[in-house]
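Colleague:
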Amino acid sequence: MSSSSYLATMKKTVQQLRFEANINRVKVSQAAVDLQQFCLQNALQDPLLTGVSSSTNPFRPQKVCSFL
Numbered sequence: 005m006s007s008s009s010y011l012a013t014m015k016k017t018v019q020q021l022r023f024e025a026n027i028n029r030v031k032v033s034q035a036a037v038d039l040q041q042f043c044l045q046n047a048l049q050d051p052l053l054t055g056v057s058s059s060t061n062p063f064r065p066q067k068v069c070s071f072l
């Protein structure tokens with residue numbers, strides 16, 4: 005690897021590290037509290053928790069119609 009390409013690679017690496025260092029981070033404890041609040045606020049609208057009525061369920065088994 006030539007010195008100019010090595011220098012370009014190092015500059016790119018430093019630029020990426022500076023970018024990552026400037027990212028605002030949220031503490032895990034705060035993120036957990038926010039996630040818990042979100043889940044509790046939206047629990048009533050969550051179909052995985054409340055279930056889906058059979059009349060509005062697009063995945064219900066189709067009824068078979070047959071003529072005798």
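Each number in our numbering corresponds to the 1-based position in the sequence shown with 4 added.
By construction, the Cβ of each residue, glycine as well, lies at the ideal position given by its N, Cα and C atoms.
#1: Does DSSP put residue 65 in a helix, a strand or coil?
#2: Hey, how far is the Cα of residue 33 from the Cα of residue 61?
#3: Report yes if the C-beta distance between residue 70 and residue 64 is below 9 Å; otherwise report no.
#4: In angstroms, rounded to a whole number, what distance separates the CA positions of residue 15 and residue 35?
Modeller: Concretely, from the data shown:
#1: What you label residue 65 is simply residue 61 of the sequence shown in a count that begins at 1. Coil, per DSSP.
#2: Position 29 of the sequence shown, counting from 1, holds the residue named residue 33. Position 57 of the sequence shown, counting from 1, holds the residue named residue 61. Taking the straight line from one Cα to the other gives about 37 Å.
#3: The sequence position of residue 70 within the sequence shown is 66, counting from 1. The sequence position of residue 64 within the sequence shown is 60, counting from 1. Result no, Cβ atoms of residue 70 and residue 64 do not sit closer than 9 Å.
#4: Translated into the one-based positions of the sequence shown, residue 15 becomes position 11. Translated into the one-based positions of the sequence shown, residue 35 becomes position 31. Looking at the two C-alpha atoms, the distance is approximately 33 Å.
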